[in-house]
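The structure appears right after this line, and notes come after that.
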Amino acid sequence: MGSGGIGFTIGSQKESDDTTSQSLIHSGSSIGSLSGNTNIIAGNHYSQTGSSVSSPKGDINIIAKQIDISAAEDQHKRDNIHTFEKSGLTVAVNVPVINAIQAADTAIKRVGKSKNDRVNAMAAFNAGMDSYKAAQAVTDIGKDPKNPANVSVSITVGQQKSRSESHSVDNVASASNIHAGGQVNLLATGAGQDSNINIIGSDISGNQGTHLQADNQINLLAAEQSHSERSKNKSSGWNAGVAINYGSGGASFGVTAGANRGKGHANGDETSYRNSHIGSLSGNTSLISGGATNIKGAQVTGKGVSIDAAELNIESLQDTAKYNSKQENISGQVTVGYGASGSVNYSKSKIKADYAGVTEQSGIIAGDNGYQIKVKGNTDLKGAIITSTQAAEAAGKNQLITGSLTSSDIKNHSDYKGSSVGIGVGGSISGSSLGQSQPSKDHGINLANQGGTGVNKSLGFGRDSGHDSSTTHSGINTHNIIITDETAQQQKTGKNAAQTIAGIHTEITSDNYADKAGYLANNFDKDKVQEELDLQREVSQEFDQNRQELKKELLQQARKKYEEAEEERRKNGGLRTEKSIELEKEGRRMEQNIAYLDTALGILWAGDIGTAALETAALHADYAKNAARHITAGKVYKVTCSGAEAQYFCKDINNVNDAIEASDASKLTKEENKNAPFEGTAIEIYDYNEIMDGKSVLISNPGIYNNEEAAFRNAVKQNPEAAAKGNLYVVVNNPTVEVIPGLGEVGFYAFYDKLNEWFGGRLPLTNAEKTNAILKQLAKQTGTEIIGNNHSRGSMTDKVSSAYLQNKEGETGIPISRTKYLGPAAHIRGEYEILQKNGYIDEDNINSTLFLANHNTDFVGGIVGLNPVTAGECVGNPLGSCYSHSSYNGHYYLDEYLKDPDGKEYIDKNTGKKIPNPEFGKINDTVVKPQEDQNGRNINPTLARAVVIDADGYINLVDRQGKMTTLDKWTHKPIRTTQIPIHEVNGKRYFNFEGKRYHADPPR
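The numbering of the sequence shown is numbering that gives the first Met the number 0, which starts it at 0 and goes up by one.
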């Protein structure tokens, strides 16, 4: 009825238990002679069912045309219906500190209870976490006893009811018995083919001998027994009332309601056999049949055993059992007041079991007199044994003469498999999200995970299975086997007599056959399996919740480092200081360690490779979402770099400083020094209006895997003029963490950006996309032109923000004069169409112009973005010797050698040669060798080209010199080249295309 913690119920309760049992039990008759012989002669048919014939001191002789001796079938039926109903008023008090202590106590008791070590490890983790939370709750009260810890009271009316039904049927064999102190002689004769001896689930024995003879068949068979059970259950309940919460913020009030429902069933079917037993080890046993002797689910024993039959078939029978069950439960609770909260819990479990096993091997078990078997036709053994004592075999008393011999083994198995899953989802909506607070100041941008909402979820599952198997082999413990029909033997088995005899031989004797028979017990216990599944599900679900809470708490500690860095920058007018940089590095190290811990705990929770892979993928997606809304994502920095430092873009990754200072080219490093500090200036911008000067700003969106240092350096390299003039602004979009070493979340993050590109910005925006959208809105409001620089994933950031403004906000006329896409993950055709629809034309009648630079080995621009190539002739590994994704450079011309501020080339004092410019070498190695113009200057081949699409849909690329290359629509291969004139107006170079003006010079 929805109570918890401490509480009581006032109302009514009804419970009933209705059980009906029916049994049919046979009371067997007994006849015989206490001191003499018992002779029974029937003129036609002798039948004995569930009864006994005995002569303790004499013989028993039964003669008839047909003899049937069988077990009676007892039957037991049971039906049960149990009902429960409770209704009334419930008052429940929840005190967090008490709940925490109770949870810790429960968690501690679960440690070591599972047969699964992984589950026990999770239980130990839960015990530690819950004990920590309980201690924290107690400590908090100790610090401030007057401050209540969110004590809640609920007063509800409700009802809970359940009904379970079960039905079972057992059929049990009640054997017939014939026993004599002397001999037992059974003779079926006089009716030809109808003169059979049939013994089913019964025992025949004479201490001095047991002899069965029939004109036709002797059938020694087992009686079948069965057990069947069917059960089903259902439950339901509801509650409604009020909830009061009292905490440090005062009291709050709300209404609460909940409901639950459950149903399940279980079905089981078993078949077992009551074997027949013929003979006694104290006397000899003989079987003589004119037809076949069939021993199926029976044993023939004797001090000596002799058989004479037309055919002999011996087969062991398997007991079987099948079981399946399913149980489902769902419950939900919602409370609405100042805000709202709700939870839903669902669990489901399934069990299946299958068993088939021999529990008593059929066969001929002889003592020291051995066995003498003569069969005219075929002898067939199915998981059966013919054996004697070792003494009998050693004395040569065993012999089998048969026309042919066939055999097979019986495979036994016991399998069960159970699974259980539990899902808990809780959510809350703050009062502000219900319209009870001031509207947020986010410029109306729909941000990913926006709003005062919170959702937590936990998933638990249990798995239990068992498999056991054995084989009941056929075997004969003598080599004294004579096969009289070699042809028949070859036809039936494909083997000759010698091969068959060698294959059937066994060393098993009558003393140890039971130990070697491969008996397999059915050890499946449905109650224990269900208990294990429930334990695993509850432990893993609590573990899932605890690890998420731990991650949340640790990430909050990491976030404090970023907040401290933010405060440090604010104290210094937004400038990145050594302290703020170190604080952010510390926060990032903490996040990375948390991610590794989270992954390790996630793999422990998963339990198998498949689930672990899915969990790792889910963690990537989760961290990608975190990256999208990370505290550092979307921040804007003004980046400046000028003077000598600009030569290597304010981050000395090639050790240029040392090489110049020492006049030693050998000090230049070939590999990038990732730890080289950014030498320029980066100042965080808090009020975006400050940078909207009514003129122009260059906004740079970095590529994938670019942290702040890389983003700043690449922005300077791609836009050296803007960096020198102090007009370069970088929107930070940091990668966050690796979920597993070497594999970051950025792939998922980038995929989401790609998805939103396809959806035209209609999905929630990331922080970086939101910032771009806001900057574009402010630019329109202030009349400030935006110049774009977008590298790799940054192209999707820019494109999505523009598409959002057009498709969601209906805004056009954003003053985007030029935007540059470098190795873009976004496709340029879509961005071109966005710019055309935006329709911005500056005061000189020049349209918004898109520029593209994409190298031939750039995987991102070519494969991800499906963009045409603008430059590149490198042949080799695109991720190795021809890696060109970081080779985009904004200088119009490139110096082959390093120069001082006066333009003089540095000379290597050791060699007397010029010191090479690493950036020139990098482009030369990974893209193409720069070509000289008529003035001897090296033209930068990585410069972006203007993109225009003609009326027929063909993409045209135009370089600064007016060379226009038209590309094939599908292959993007050049189909023609045209030289068009370049014009100039007010210092702006432009070209005309289909009646419109477009910029000729890319942003730099």
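Glycine included, every Cβ here is placed at the ideal spot set by N, Cα and C.
Residues near residue i in its chain [Cβ-Cβ closer than 6 angstroms; skip 5 each side]
i: isoleucine 68; result: Gln47, Ser175, Ile198, Ser201
i: isoleucine 39; result: Ile61
i: glutamine 398; result: Gln371, Asn479
i: serine 34; result: Lys56
i: glycine 111; result: Asn119
i: proline 877; result: Thr856, Phe858
Residue nearest to residue i in terms of C-alpha spacing, selected from the options
i: phenylalanine 750; options: Val799, Gly725, Lys898; result: Val799
i: threonine 89; options: Phe83, Asn119, Ile107, Gln159; result: Gln159
i: threonine 598; options: Arg587, Lys570, Gly356, Lys550; result: Lys550
i: arginine 229; options: Gly208, Gly263, Asp214, Trp237; result: Gly263
i: histidine 178; options: Gly606, Thr970, Ser29; result: Ser29
i: methionine 963; options: Trp969, Phe990, Asn985, Asn846; result: Phe990
i: alanine 899; options: Asn656, Glu708, Pro980, Gln776; result: Position check: residue 899 holds aspartate in this sequence, whereas alanine was assumed. Of the listed residues, the one whose Cα sits closest to aspartate 899 is Asn656.
i: isoleucine 306; options: Ala213, Ala221, Gly267; result: Ala213
i: glycine 362; options: Asn328, Thr292, His412; result: Thr292
i: asparagine 10; options: Ile66, Ser86, Thr82; result: A small correction: the amino acid at residue 10 is glycine; asparagine does not occupy that position in the sequence shown. When only C-alpha atoms are compared, the closest one is Ser86.
i: glutamine 101; options: Ser130, Ser113, Arg117; result: Ser130
i: leucine 897; options: Gly889, Cys881, Asn916; result: Asn916
i: proline 95; options: Val528, Asp78, Met121, Ile5; result: Ile5
i: valine 168; options: Asn125, Leu596, Gly267; result: Gly267
First and last residue of the uninterrupted beta strand (DSSP E) at residue i
i: leucine 185; result: 182 to 187
i: arginine 975; result: 973 to 978
i: glycine 341; result: 338 to 357
i: aspartate 657; result: Unbroken run through aspartate 657 is the alpha helix (DSSP H), 655 to 661; no beta strand (DSSP E).
i: glutamine 65; result: 65 to 69
i: phenylalanine 990; result: 987 to 992
i: arginine 712; result: Counting along the chain, arginine 712 falls outside any beta strand (DSSP E), though it belongs to the alpha helix (DSSP H) covering 707 to 717.
Extent of the continuous alpha helix (DSSP H) run through residue i
i: threonine 925; result: 917 to 925
i: tyrosine 896; result: Premise fails: tyrosine 896 is in no alpha helix (DSSP H) and is neither H nor E.
i: glutamate 768; result: 766 to 781
i: tyrosine 803; result: 793 to 806
i: arginine 996; result: Where arginine 996 is concerned, there is no enclosing alpha helix (DSSP H), although the beta strand (DSSP E) it sits in stretches over 995 to 998.
Cβ neighbour criterion (16 or more within 10 Å) applied to residue i
i: valine 859; result: buried
i: isoleucine 844; result: Looking at the sequence shown, residue 844 is not isoleucine but asparagine. By the 10 Å Cβ count, asparagine 844 comes out exposed.
i: histidine 826; result: buried
i: leucine 966; result: buried
i: tyrosine 685; result: exposed
i: glycine 208; result: buried
i: arginine 462; result: buried
i: glutamine 326; result: buried
i: glycine 952; result: exposed
i: glutamate 689; result: exposed
i: threonine 18; result: exposed
i: alanine 681; result: buried
i: glutamine 1011; result: One cannot answer for residue 1011 here, as it falls past the ends of the chain, which runs 0 to 1003.
i: glutamine 776; result: buried
i: serine 794; result: buried
i: alanine 824; result: buried
Close-in-space but distant-in-sequence residues of the same chain around residue i (CB under 7 angstroms, 5 per side omitted)
i: glycine 871; result: His854, Asn855, Thr856, Ser883, Val926, Val927
i: serine 151; result: Asn93, Ala242, Ile243, Asn244
i: valine 984; result: Asp843
i: glycine 240; result: Ser153, Ile154, Thr155, Val156, Thr255
i: lysine 13; result: Glu84
DSSP three-state assignment for residue i, whether helix, strand or coil
i: glycine 829; result: helix
i: arginine 558; result: helix
i: isoleucine 329; result: strand
i: glycine 426; result: strand
i: methionine 963; result: strand
i: phenylalanine 7; result: strand
i: valine 874; result: coil
i: arginine 587; result: helix
i: valine 582; result: It should be noted that the sequence gives leucine, not valine, for residue 582. DSSP places leucine 582 in helix when its eight states are reduced to three.
i: asparagine 60; result: strand
i: lysine 13; result: strand
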